[in-house]
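Below is one structure, written out as structure tokens, with a few remarks after it.
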Amino acid sequence: MMGGTGGRTRTDTSAVVYHRRPKPTAPTMTSHSRQLELLRADRSRWAGRFRHLILKGTEEFVRLADSELGKPRHETITAELLPLIASCRWHQRQARRILKTRRLKGRPIWLFGQQHRIQHVPLGTVGIIATWNYPIQLLGIQMLQAALAGNDLIIKPSEHAPQCQAFLIELAHKAGLDERALRSLPATREAGAAMIERESLDHLVFTGSTRVGRLVAEACASRLIPSTLELSGRDSALVLEDADVQLAARSIWTAVTSNAGQTCMAPRRVLVHQDRYQAFCAALTPLAEKAIPRRLTLPEDAARIDSQVDEAVRAGGRAIPHTEAQSDASAFLPRVVLDCPDGTPLMDGDHFGPALAVHACASLNEMLEHHQGVGQYLATSIWTGNPTAARGLAAELRSATVTINDVLIPTAHPGASISGHGPSGWGTSRGAAGLLSMSRPVHVTTTPRKMRMPTDVPTDAALAKLEKLIGVRRPSVDDDSKVTSNSPQPHSGKSS
């Protein structure tokens, strides 16, 4: 059972330590620390069993993802299972190193004799409100990180993918997480609100829209529950004047249409240098014309895209393909608007689906102005023949992820973290930083009995030595006399 101590009791552990090392030269590991070490080792083995069960459950995942979300087999394999399986393997190999207790270096000399360590202890109980757009991959990685850090989990599955996530949770139980370590709530919106209001949570992870994220943040704030909010971006692809436009068009279009465009890190607009604009449009147009309808999960997303495309066309944009408004979210045709006017809702990118605005820019500075004006960043791609120069733009893009000559696919690296800010959320998930965010750093110090800073008021001589040690320079007698001689003399009151 997860959380066991390998058969040792608290007394047994203490006895073993002190009989073997009656005069330890380093701080003796407490029974609690030993139990945490054993728990995390057990959870690491659990991750291996979880990975094998996910592999064995491939066909069931494919069936459920198609049934609930209309997701084709190749997308379930490549965008759901492949990244999750890789993440299981990566965490098995890296989690112990990332979470281990570390000696704190750089001790000031006046703290002589002390030993300082940082321990990463579990947060306690982590609640997860799961999302539907990548119901297997995203929830699976969130479960991995919370569990491997030593936490208990409470999961509220998405109401749009309840069977996918119920099967994933079932596999986690079969792999060894018991009902105490992992609880599942009903897949309803009400259950998510009730979890925040009633459960004793030490942290909450939410993935979803910015609008709902604000409500979750307010609910957590009222109970002082720390949170990780993974909200969406409204990002750009920047096609520079030296870019391979054929490669850029194919890759960007794949990102826009994969998962029916329901990807938080997919680009919403392409900003193309005017010298490459016509060539890029020529490469993108046949791809858009061959697009096939995809199923959108939320009907309101289809209506929003239709409205934005229509408004952009009325303002002077050119829609590819040329179609009437689509009312059927179950068979929604991806759209591109070339020459998309600045200031239109489609250009602003406040949509979630397979639609793309394309806009010509006279310079890189103009691209950055358009990109930065949106104010919601998560993942930005740069297309260029000079990757070295492009890396220098990363800070100006304000995104958590910058991909050069690629889009989406590199973000599947299990060691890469995602950290939104502002309307894109807060906190960090995935990678080493995400794993550490599922723990709490504790500063533990040990001071020897004899070699320590005195606690009495220091003598004048001792204080003078300490001041000299840290670089304080007391004024000398000569300094005092110079100050006196340079000071203005009092007026005698007599005229000359």
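Quick note, in this note's numbering, the sequence shown goes up one by one and the last residue is 542.
Every residue gets a Cβ at the ideal spot worked out from N, C-alpha and C, and that includes glycine.
Contacting residues, own chain, Cβ-Cβ under 6 Å from residue i (five flanking each side not counted)
i, result
"Ile174", "Gln188, Ile201, Val251"
"Gly159", "Pro494, Met497, Arg498"
"Gly170", "Asp248"
"Gln161", "Thr492"
"Thr430", "Leu286, Asp288, Ala289, Ala436"
"Gly399", "Gly307, Leu342, Asp347, Ile351"
"His416", "Leu317"
"Val448", "Thr426, Ala440"
"Ala358", "Val383, Cys386, Thr390, Leu392"
"Gly53", "Caution is warranted here: a pLDDT of 38 is assigned to Gly53, below 50, making its placement in the model unreliable, and the coordinate value is therefore given only provisionally. Once the five neighbours on either side are set aside, Gly53 has no close Cβ partner at all."
"Ala221", "Trp92, Arg95, Phe96, Leu99"
"Ser376", "Arg341"
"His405", "Leu317, Cys386"
Whole-angstrom distance between residue j and residue i, CA atom to CA atom
i, j, result
"Thr234", "Ala176", "11 Å"
"Arg486", "Arg257", "29 Å"
"Thr309", "Asp224", "32 Å"
"Val383", "Ala403", "5 Å"
"Thr343", "Arg260", "22 Å"
"Lys151", "Leu145", "17 Å"
"Thr104", "Ile123", "8 Å"
"Gly196", "Gly517", "45 Å"
"Ser204", "Ser409", "43 Å"
"Cys210", "Tyr180", "10 Å"
"Pro456", "Ala301", "12 Å"
"Arg91", "Gln292", "45 Å"
"Val172", "Arg139", "23 Å"
"Arg314", "Thr426", "10 Å"
"Leu214", "Gly186", "7 Å"
"Arg545", "Leu157", "Residue 545 falls outside the range modelled here, since the chain spans only 47 to 542, and no answer is possible."
"Gly468", "Pro168", "27 Å"
"Val453", "Glu121", "16 Å"
"Glu126", "Val108", "10 Å"
"Ile271", "Arg163", "27 Å"
Check: residue i C-beta below 6 Å from any heavy atom of the ligand SAM
i, result
"Ile182", "This structure simply doesn't include the ligand SAM, nor any ligand for that matter."
Identified DSSP bridge partners for residue i
i, result
"Cys134", "Answer is none; Cys134 lacks a bridge partner."
"Pro487", "His166"
"Asp388", "The partner list for Asp388 (beta bridge, DSSP) is empty, contrary to what the question assumes."
"Val383", "Ala365, Ala403"
"Trp472", "Leu275"
"Ala237", "In the DSSP output, where bridge partners are listed per residue, Ala237 has none listed."
"Ala425", "Thr447"
"Arg148", "Ile164"
"His249", "Val172"
"Ile464", "Ser475"
"Glu282", "The question names Glu, but residue 282 is Ser in the sequence shown. Ser282 pairs with Arg315."
"Leu228", "Leu199"
"Arg340", "Phe378"
"Thr492", "Gln161"
For residue i, the first and last residue of its enclosing alpha helix (DSSP H)
i, result
"Cys266", "256-268"
"His416", "410-420"
"His219", "208-221"
"Phe326", "323-335"
"Thr122", "No alpha helix (DSSP H) contains Thr122, which DSSP labels as neither H nor E."
"Val302", "291-303"
"Thr543", "Beyond the ends of the chain as shown, which are 47 and 542, falls residue 543; an answer cannot be given."
"Ala375", "Neither: Ala375 is in no alpha helix (DSSP H) and is coded neither H nor E."
"Glu513", "506-516"
"Gly597", "No information on residue 597 is available, as it lies outside the stretch 47 to 542 that the chain covers here."
"Thr434", "433-437"
Endpoints, the beta strand (DSSP E) within which residue i is located
i, result
"Phe158", "Looking at the DSSP string, Phe158 is not in any beta strand (DSSP E), and its letter there is neither H nor E."
"Gly173", "171-175"
"Asp198", "198-202"
"His397", "First-last for His397: undefined, no H or E at that position."
"Ser353", "First-last for Ser353: 345-360, but that is the alpha helix (DSSP H), not the beta strand (DSSP E)."
CB contact below 7 Å: residue i versus chain B
i, result
"Ile144", "No chain B is part of this structure, which consists of one protein chain only."
Cβ separation of residue i and residue j, assumed to be a contact under 8 Å, to the nearest whole Å
i, j, result
"Gly466", "Ala478", "Wrong, their Cβ atoms sit about 17 Å apart, outside the cutoff."
"Asp347", "His397", "7 Å"
"Ala87", "Leu194", "That pair is no contact at about 10 Å."
"Met484", "Ala192", "5 Å"
"Leu190", "Cys134", "6 Å"
"Ser255", "Val262", "Rounded, the Cβ-Cβ distance is 10 Å, inconsistent with contact."
"Ala283", "Ala329", "Contact doesn't hold; Cβ gap of about 13 Å is too wide."
"Ala265", "Glu243", "7 Å"
Close beta carbons around residue i, own chain, < 8 Å, minus the five adjacent residues each side
i, result
"Cys407", "Leu317, Val318, His319, Gln320, Met413, His416"
"Ile131", "Arg97, Ile100, Leu101"
"Ser475", "Ile187, Gln188, Gln191, Val251, Thr274, Glu276, Ser463, Ile464, Ser465, Ser483"
Cβ shell of residue i (< 7 Å), same chain only, five flanking positions each side left out
i, result
"Arg226", "Asp198"
"Glu335", "Ile366, Pro367"
"Ala237", "Lys202, Leu231"
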